[in-house]
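If you count by our numbering, then the sequence shown holds residues 822 to 1035, one letter each, in order. Down below is the structure, laid out as structure tokens.
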Amino acid sequence: MRKFGATSRALAVVTGAVVGAFGLFAGVEQARAEGGDSPWMIRARIIYVEPDVSATMKGILGTVEASGSLVPELDISYFFTDNIAAELILATSNHDMSATAGVDLGDVWVLPPTLTLQYHFMPKAQFRPYIGAGVNYTIFYGESKGAVASIDYENGFGVALQAGMDYDLGNQWVFNVDVKKIWLNTDVSVNGGAITADVDLDPWVFGAGFGYRF
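Structure (structure tokens):
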């Protein structure tokens, strides 16, 4: 019940942030009509999430493994200046979980909204590299138990680094390539706590797609 409550609160915060961000977009066209420049950019990417797993387990299952996942992603950026921006990254991915002893741990959905602060080196050039750092809060949901009686994942905060580039295509469109590293830890409980694991998922996230600067 406690995990459900924490997850509900986290989802409410994330949903509120997204709704608020899109609400601000309503002023974009008005700003453009008045001759002002909008600081907003939205990107759509295809990303590949590759967990880099290490784990300490108490029990007989050995260590934990997680599959990669290819999914769509949406991000919203706000430019405070030409060089400095904040980016909210939204995606959810599904991962098959297993133990090296051959035990099927089912699969789990992961929702890791991530907020980064970026520095864009050459914002007026055609090739526009950037770096960023920030935080994420990862929510685990939709667990299937596989060959065990039950499995539970603890939500938690992590740290993220990123590097990428926008390539100007003209008419406010860009092509984007982006790489992120997220340090993410979760406590896993199997069979009601009979087996526990301290798991570092630490995924790499590789993405490519297109963006539009309003």
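We put the beta carbon where it would ideally sit given N, CA and C, even for glycine.
Open item on the list: Please report the distance separating the alpha-carbon of Pro950 from that of Gly923.
Closed with: 43 Å
Task: Cross-strand partners of Glu871 (DSSP beta bridge) - done: Trp1025
- [ ] Return the Cβ separation of Leu938 and Ala954 in integer angstroms, given the expectation that the two are a contact with Cβ distance under 8 Å.
- [x] 6 Å
Task: Spatial distance of Asp917 from Lys945 (CA atoms) - done: 43 Å
TODO: Go through the stretch 917 to 996 residue by residue and report every complete run of the beta strand (DSSP E) that reaches 3 residues or more, in order.
DONE: 925 to 932, 935 to 941, 948 to 962, 972 to 974, 977 to 991
Open item on the list: Using CA atoms only, rank isn't needed, just tell me which of Val1011, Asn957, Trp1025, Met862 is closest to Thr902.
Closed with: Met862
TODO: Count the other CB atoms, across all protein chains shown, that sit within 10 Å of the CB of Ala887; report buried if there are 16 or more and exposed otherwise.
DONE: buried
Task: N- and C-terminal bounds of the beta strand (DSSP E) containing Asp1008 - done: 1006 to 1011
Task: Cβ-Cβ distance between Val870 and Ser919 below 7 Å - done: no
Task: Length of the line joining the Cα atoms of Val931 and Phe942 - done: 32 Å
TODO: In angstroms with no decimal places, state the Cα-to-Cα distance between Ile905 and Tyr940.
DONE: 5 Å
Task: Presumed contact (8 Å Cβ cut-off) between Glu964 and Thr1007, rounded CB distance - done: Not quite, the Cβ-Cβ distance comes to about 11 Å (not below 8 Å), so this is no contact.
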